[in-house]
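Q: Using our numbering, the final residue of the sequence shown is 399, and nothing's skipped along the way.
Please see the structure below; I have some questions.
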Amino acid sequence: MRILFCAALSVAMVAPMARAEPLTFEAALQQAQQSAPSLAAKTADLAAARSSAIAAGRLPDPKLRFGVENFPISGPPAGSFSLDSMTMTTLGVVQDVPNAGKRKAERGRADADIGAAQASVALESRTVQVNTAVAWVNLYYAEQKLAALDGIAASIRSIEKSAPSQLTGGSLRPSQTLDAAQLMAALEDRRADLVSEAAKARAELIRWTGDETADVAGELPGYEVDPSALQMALERNPTLGVYNAMNEQADADVKLARAGKRSDWGWDVTYQHRDQMWGDMVSAGVTLSLPLFSKSRQDPTIQARQDTANRVRFERDAAHRQLQAQLDADLADHIMHHDRLTRAQTTLVPLAQRKADLEVASYGAGTATLSDVLGSQLALAEAHVDLLSREADVAVDAVRITLTYESDEQ
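Rendered as structure tokens:
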């Protein structure tokens, strides 16, 4: 039962590779931008902010007022609508009019909300782009490492076939014929790790593109890390764009609080119906708010909004420092990964290849054992896989650093 389960699991992991529809790097980025739910959610927030802005700064709804005035409840005219000249039913309209500064500040706050939503869309778009790009590159190299390991395994199998003849000729001890089987088992373990690595990378690519059969096609993107250009672009990074938008919102709140110190006003018109013997009347009036106690009402609110604006500016400065530190650290890692890649290309892989060639030649001359040959082949396989891992580190660095830190205007 355990064997059947493992076999079924292996088929399930390999099946997506067979069914996958390949995506080029650019196609994967484009598809992710079109299908990422997180980006769609931020876009919905932007649409909501734009809809809300339509109502900003408008006059409040008018009020309709009904009533009875001066209805007598005692004396001779008690309970009558007609015996007293001041008894009347009223129908009026009341309109409150916030001051012009407050309405302008409300429109400014709505515009700031739109800007904040746009900044969130830009940041989420960048996040989707970076994660999709990294997933694509990881899957590309996972498949390259699998192909390299399979090529070395084929070479080892050809060497393994000579073991029975050497055993018959007496040049090989019986126990040494097991070395090849042990080596192949070790390679299968390594291959299982790489299959798992490819499956994880594919799962990430599916997550961001929404393509259940996603696979990679085409060449790697030719990104080159330009530290000076990235340094210049840091101020326009979408992460800081979010804080800039928050700062605009905070400043708009300060203006709105200050507008509270100015008087609001309103007007009303009322039609007053009386008994026919008295005749009807019309009344009109204007109201004006008096912010007489600003020290205990408006001023504390203004100070609170200013403190909030200061907090946002400090947070923006902290975010800038953090972004700068991350860029410096990522560039340092990129230099280190380049050094490791160069060392593998110029030293480690050539040495492993030369050692494997020498062991094969010595094996043919009868001066090396099968174990020596197989050991050198395993070391060569690991060297090739390690070279691809180092290439992947450099490629992921180039993609992630460039897309993360480039200007939001690009």
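From the three backbone atoms N, C-alpha and C, an ideal C-beta is built for every residue, glycine too.
Give me the DSSP bridge partner(s) of Phe55.
A: Bridge partners of Phe55: Leu80.
Q: What did DSSP end up calling Thr276 once you bin it into helix, strand or coil?
A: If DSSP states are grouped into helix, strand and coil, Thr276 belongs with the strands.
Q: Which class does Gln292 belong to by DSSP, given the choice of helix, strand or coil?
A: Helix, per DSSP.
Q: How many Å lie between Gly56 and Ser278 at the Cα?
A: Roughly 24 Å separates the two Cα atoms.
Q: Helix or strand or just coil, what does DSSP make of Pro227?
A: Three-state DSSP puts Pro227 in a helix.
Q: Compute the beta-carbon to beta-carbon distance between Ala17 and Thr198, rounded to the nearest angstrom, for a pair I have assumed lies under 8 Å.
A: That belief holds up - the Cβ atoms of Ala17 and Thr198 are roughly 6 Å apart, short of 8 Å.
Q: By DSSP, does Asp269 sit in helix, in strand, or in coil?
A: It is coil, neither helix nor strand.
Q: Expressed to the nearest angstrom, what Euclidean distance is found between the alpha-carbon atoms of Pro216 and Arg379?
A: Rounded to the nearest angstrom, the two C-alpha atoms are 21 Å apart.
Q: 8 Å is my cut-off, CB to CB: does Val184 come that close to chain C?
A: In the structure shown, chain C does not exist; there is a single protein chain.
Q: What is the DSSP secondary structure of Val408, counted as helix, strand or coil?
A: Lying outside -10 to 399, the shown extent of the chain, residue 408 is not represented and no answer is given.
Q: Let me know the secondary structure DSSP gives Ala67 once reduced to three states.
A: Three-state result, Ala67: coil.
Q: Let me confirm a value: Gly353 is counted as buried when at least 16 other C-beta atoms fall within 10 Å, else exposed. Which label applies?
A: Counting Cβ neighbours within 10 Å, Gly353 comes out exposed, since fewer than 16 surround it.
Q: What are the uninterrupted segments assigned as beta strand (DSSP E) that are 3 or more residues long and contained completely in the stretch 182 to 269, given in chain order?
A: Qualifying beta strand (DSSP E) stretches, in chain order: 203 to 205, 254 to 262.
Q: Nearest to Arg263 by alpha carbon, out of Thr356, Met75, Leu128?
A: For the residues Thr356, Met75, Leu128, the minimum Cα distance to Arg263 belongs to Met75.
Q: Whose C-alpha, out of Arg247, Leu12, Arg191, Ser69, is nearest the C-alpha of Gly90?
A: Taking only the C-alpha atoms, the option nearest Gly90 is Arg247.
Q: Is the stretch 78 to 98 close to the stretch 34 to 41, with three or more CB pairs under 8 Å?
A: Cβ pair count under 8 Å is below three, so no.
Q: Going by alpha carbons, who is nearest to Pro26 out of Arg196, Lys52, Trp125, Asp288?
A: Checked all of Arg196, Lys52, Trp125, Asp288; the closest Cα to Pro26 is Arg196.
Q: Take Thr116 and list the residues in its own chain whose beta-carbon comes closer than 8 Å to its own, dropping the five residues that flank it on each side.
A: These residues qualify, in order along the chain: Ser27.
Q: Taking just the CA atoms, how far does Asp242 sit from Gln287?
A: Cα to Cα, Gln287 sits roughly 13 Å from Asp242.
Q: Provide the residue span of the alpha helix (DSSP H) that contains Ile390, from first to last.
A: Per DSSP, Ile390 belongs to the alpha helix (DSSP H) from 359 to 394.
Q: Since Ser40 is in the alpha helix (DSSP H), which residue starts that stretch and which ends it?
A: Residues 26 to 44.
Q: For Ile324, count the other beta carbons within 10 Å of its own beta carbon; 16 or more makes it buried, fewer makes it exposed. Which is it?
A: It counts as exposed.
Q: Short of 8 Å in beta carbon distance, which residues of its chain neighbour Ile103, apart from the five on each side in sequence? Order them along the chain.
A: Excluding positions up to five away in sequence, the list reads Leu35, Ala38, Arg39, Ala42.
Q: Starting from Ser283, follow the alpha helix (DSSP H) in both directions and report where the run begins and ends.
A: Unbroken run through Ser283: none, as it is neither H nor E.
Q: Could you tell me if Thr121 is buried or exposed, where buried requires 16 or more neighbouring beta carbons within 10 angstroms of its beta carbon?
A: With 16 or more Cβ atoms within 10 Å of its Cβ, Thr121 is classed as buried.
Q: Which two residues bound the contiguous alpha helix (DSSP H) that contains Ser74?
A: It is not in any alpha helix (DSSP H) - Ser74 carries neither H nor E in the DSSP assignment.
Q: At which residues does the alpha helix (DSSP H) containing Gln342 begin and terminate?
A: Segment 338 to 354, the alpha helix (DSSP H) holding Gln342.
Q: Counting Cβ pairs, one atom from each stretch, are 3 or more of them under 8 Å apart for the stretch 94 to 114 and the stretch 230 to 241?
A: Output reads yes: the stretch 230 to 241 touches the stretch 94 to 114.
Q: According to DSSP, is Leu48 helix, strand or coil?
A: Here Leu48 sits in coil by DSSP.
Q: Using the C-alpha atoms, what's the distance from Arg98 back to Thr393?
A: For Thr393 and Arg98, the distance between alpha carbons rounds to 29 Å.
Q: Run the CB neighbour count on Trp254, radius 10 Å, all protein chains shown included, and call it buried at 16 or more, exposed below.
A: Trp254 comes out exposed.
Q: Any idea if Arg54 is buried or exposed, counting beta-carbon neighbours within 10 angstroms, 16 or more meaning buried?
A: Counting Cβ neighbours within 10 Å, Arg54 comes out exposed, since fewer than 16 surround it.
Q: Rounded to whole angstroms, what is the Cα-Cα separation between Gln238 and Val205?
A: If you take the alpha carbons of Gln238 and Val205, they lie about 43 Å apart.
Q: Between the C-alpha atoms of Glu395 and Leu223, what's the straight-line distance to the nearest angstrom?
A: One C-alpha to the other measures close to 7 Å.
Q: Under 7 Å Cβ to Cβ from Leu377, same chain only, skipping five residues before and after it: list those, please.
A: The residues are Tyr130, Gln133, Lys134, Ala137.
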